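Protein chains in written order, with the working numbering: chain A, 1 to 339; chain B, 1001 to 1295.
We put the beta carbon where it would ideally sit given N, CA and C, even for glycine.
All figures in this text were calculated on a predicted structure; none of them were measured in a lab.
A short write-up of the structure that comes next.
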């Protein structure tokens, strides 16, 4: 399969007065054509920073320390701002959680979509408008001729998110980063936007990196799932792998927080403690102090990625052949039976 | 009146006049009652009027029409309200979604939690007050070191715990929690939900729990009311509502909730609800014991 995006051992830090914040630490990731990869994790785990790193949308005090970013066979790690401008929106696009701050409140949405078309294609304004109207139809905005001239405040939250999607998709990017695009929406609207993304993938063959913390959304949309913690990917696999056979204790912890898997009449389990501050990360596994399955070695050395199957791998010492055999919590298994 | 019922809302209407041609009917004739010691869930999408119900019960809006009874007192009546103001305000507490806005940035956690106790003259002795604050912090799972911190120094989950400690400081009968976990991370959500359950079980507080997240509502509530366009369209015990939804809006809402199970999700059909089929002049009817549907 064609790889449209590849991150190789990517590490990125912010340099602040308080010290070096290691936001992304050695991420290896690849994304195939037409694939939807979901990235889940608590806030502050580096999922947004990682995506913004690909688009180089981070402030000046950030620096890619090691690794490389390869898009569509091209290594863009050292690309200048000038070169990035043609990549952004042209090859890789991103949509954010809050559609209202993404859109310009004073400009009609149609013009904002046409602007994206003009930027990346050699077309005149007539053609750009035609293309913008097509995009509005694609993302399910009815009566596009009329709505083309309306400012964002005329639209509801779900409709605004559709406009943002239209802008992001205007010049046929190969990869779309969607950073919690449905978190601020109602469930019924969320369901429609998710179905829209699936439909657009069918029609255009775009690859999507979907960032979220909602496992329900992941289950609906994702082909593959990556779980992030403290700037690292701790488990990655197909949706079936991660949902039906999770191996990392952090993935177990996140799943046990879900009321869906809770036992009748028993309290929800939660992961003790807080995610670490990414300055002066202790040696060993960053999750060790919150992990009730932690082994001695977890406090000494970072676990490597252990391969479980061709598609599934996890970074936990529990998968080492010398580790004691630990079964995942019962309710996770019980949840699987329901499926 | 049933002795178990601690709060009753009858045909409550809360309309807001925007201008001479436009009236927003945020809450439009809803009735429900809350039993002592239960967690009553109120769900609905944004704009369905659930927060307005909370604020109206708290006496923060001038009621357009209808009545609110607390322990048989008609607190929607201005006269009754002001006569029993102290008692009502001590026994009705509210927790909001945004804890950073709800806590005064310039007060220490100790002062924040002690304020309702001081204002209501529940404890006047300084030493006892100090002990009470420590005990409250303990109840919500925080230690004494938090006393001298400011809201900006602690995390969102911890701030929500402080807001909860403050709301239970006067030992209220009813706590209205308006989206208390919506802005928290999933692992923290689980912690706060567990805390609510603990408080309800161990101390017998009554909760009205407002949320848009149906999975949480299903997990925590004993009975659930589903709101749509300012009306309650279905009201039933939790298991009954989730296993046997009758109103087409409830069905559509339940089908839209994403379930963390890929096989199920990929094959799920989401039911659409057409607002044009909604009759705005309907009434809530009891179709089976305790199960009410809007018709």
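Within chain A, the residues placing a beta-carbon under 7 Å from that of residue 1197 (chain B) are 267, ordered along the chain.
For the set B:1210, B:1266, B:1285, the Cα lying nearest the Cα of residue 1055 (chain B) is the one of B:1210.
Residue 1264 (chain B): member of the alpha helix (DSSP H) spanning 1262-1266, first to last residue. The beta carbon of residue 258 (chain A) sits closer than 8 Å to some beta carbon of chain B.
Residue pairing for residue 15 (chain A): DSSP places it in a beta bridge opposite A:20.
Counting along the chain, residue 1277 (chain B) sits inside no alpha helix (DSSP H), nor does DSSP assign it H or E at all. DSSP assignment within the stretch 180-227 of chain A yields the following whole alpha helix (DSSP H) runs of 4 residues or more, N-terminal first: 187-204, 215-221. Here residue 27 (chain A) carries a strand assignment [DSSP, helix/strand/coil]. Going by beta carbons, residue 43 (chain A) and residue 3 (chain A) fall outside the 8 Å limit. Chain A has a Cβ within less than 8 Å of the Cβ of residue 1270 (chain B). Leaving aside the five residues that flank residue 1250 (chain B) on each side, the residues in its chain whose CB is nearer than 6 Å to its CB run, in chain order, 1226, 1234. Counting other Cβ atoms within 10 Å of its Cβ, residue 1060 (chain B) stays below 16 and is therefore classed as exposed.
Listed as beta-bridge partners of residue 1288 (chain B) by DSSP are B:1291. Per DSSP, residue 1215 (chain B) is one residue of the alpha helix (DSSP H) stretching across 1214-1220. At least 8 Å separates the CB of residue 139 (chain A) from every CB of chain B.
B:1058 is the residue among B:1058, B:1256, B:1047, B:1276 whose C-alpha sits nearest the C-alpha of residue 1081 (chain B).
Counting only the Cα atoms, residue 288 (chain A) lies some 12 Å from residue 234 (chain A). The beta-carbon distance between residue 145 (chain A) and residue 169 (chain A), rounded to whole angstroms, is 19 Å. This is too long to meet the 8 Å contact definition.
Among the bridge pairs identified by DSSP, residue 1041 (chain B) is matched with B:1209, B:1224. Annotation: Cβ neighbours of residue 188 (chain A) in chain B (cutoff 7 Å, chain order): 1045, 1252, 1253, 1256. According to DSSP, residue pairing for residue 1231 (chain B) in a beta bridge involves B:1228.
If you ignore the 5 residues before and after residue 253 (chain A), its C-beta comes within less than 7 Å of the C-beta of 271, all in its own chain and listed in chain order. For residue 213 (chain A), the chain B residues whose Cβ falls inside 8 Å of its Cβ are 1185, 1186, in order along the chain. Contacts with chain A at 8 Å (Cβ-Cβ) include residue 1259 (chain B).
Between residue 1230 (chain B) and residue 1049 (chain B), the C-beta gap is smaller than 8 Å, which places the two residues in contact.
Within the stretch 1124-1162 of chain B, the complete alpha helix (DSSP H) segments of 4 residues or longer fall at 1126-1139, listed in chain order.
Comparing alpha carbon positions, the residue from B:1168, B:1204, B:1213 closest to residue 1190 (chain B) is B:1213. Looking only at B:1179, B:1159, B:1254, the smallest Cα-Cα distance to residue 1042 (chain B) is reached by B:1179. Scanning chain B for C-beta atoms nearer than 9 Å to the C-beta of residue 240 (chain A) yields 1262, 1263, reported in chain order. Residue contact check for residue 235 (chain A) against chain B: no CB pair falls below 8 Å.
Between residue 1202 (chain B) and the set B:1228, B:1030, B:1140, the nearest pair of CA atoms involves B:1140. Considering only beta carbons, the part of the stretch 41-62 of chain A lying closer than 9 Å to chain B consists of 42, 43, 44, in chain order. Around the beta carbon of residue 1173 (chain B), 16 or more other beta carbons sit within 10 angstroms, so the residue counts as buried. The DSSP assignment places complete alpha helix (DSSP H) segments of no fewer than 4 residues inside the stretch 89-123 of chain A at 99-102, 109-120, in order along the chain.
Beta-bridge pairing by DSSP links residue 1259 (chain B) to no other residue. Inclusion of residue 1011 (chain B) and residue 1066 (chain B) in the CB contact set at 8 Å is warranted, their separation being smaller than that value.
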